[in-house]
Amino acid sequence: MIWGALKNKIAMDPATSVADLGMKITAGLKAITKRQWNGAYKKVRKQEAYVEQQPPPEIAPAPTMEELQDLAGEATDKGHCSNIMGEMDTSA
85 MIWGALKNKI
95 AMDPATSVAD
105 LGMKITAGLK
115 AITKRQWNGA
125 YKKVRKQEAY
135 VEQQPPPEIA
145 PAPTMEELQD
155 LAGEATDKGH
165 CSNIMGEMDT
175 SA
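Each number in our numbering corresponds to the 1-based position in the sequence shown with 84 added.
Next up, the structure:
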């Protein structure tokens, strides 16, 4: 949020050199008001509280090598692979 406010200030008056950019960053950070800092802090605290209340995501187990090979075989068996000319191979 603070970064967004700083980027907007710089975007309205782009820097012409790296030195100019450094000065604009310093001036931009000084120009951000106490109200903006407090608002950003409160918003982050609300977001953190929300995230803490959410249940952890379910993690699906990674497929085994055998399961991956079975899936690859099923795709080939059903004619989902095309031949070198780009035509559907239905001979399987």
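Built from N, CA and C at the ideal position, the CB exists for glycine as well. Everything numeric in this text was worked out from a predicted model, so none of it was measured.
I'd like to check one pair, residue j with residue i: are the Cβ atoms closer than 9 Å?
| i | j | result |
| --- | --- | --- |
| residue 123 | residue 85 | yes |
| residue 116 | residue 90 | yes |
| residue 145 | residue 155 | no |
Which residues in the same chain have their Cβ closer than 8 Å to the Cβ of residue i, if we skip the five residues on either side of it in sequence?
| i | result |
| --- | --- |
| residue 94 | 105, 108, 109, 112 |
| residue 127 | 85 |
Closer than 6 Å by C-beta to residue i: which residues in its own chain qualify, once you throw out the five before and the five after it? Chain order, please.
| i | result |
| --- | --- |
| residue 137 | none |
Along the chain, where does the alpha helix (DSSP H) that runs through residue i open and close?
| i | result |
| --- | --- |
| residue 96 | 86 to 96 |
| residue 133 | 118 to 137 |
| residue 103 | 102 to 115 |
Below 8 Å, is the gap between the Cβ of residue i and the nearest heavy atom of the ligand COA?
| i | result |
| --- | --- |
| residue 118 | Inclusion of the ligand COA in the displayed structure is not the case, the ligand content being empty and no account of it being possible. |
Once the 5 residues before and after residue i are set aside, which same chain residues still bring their CB inside 7 Å of it?
| i | result |
| --- | --- |
| residue 99 | 105, 108 |
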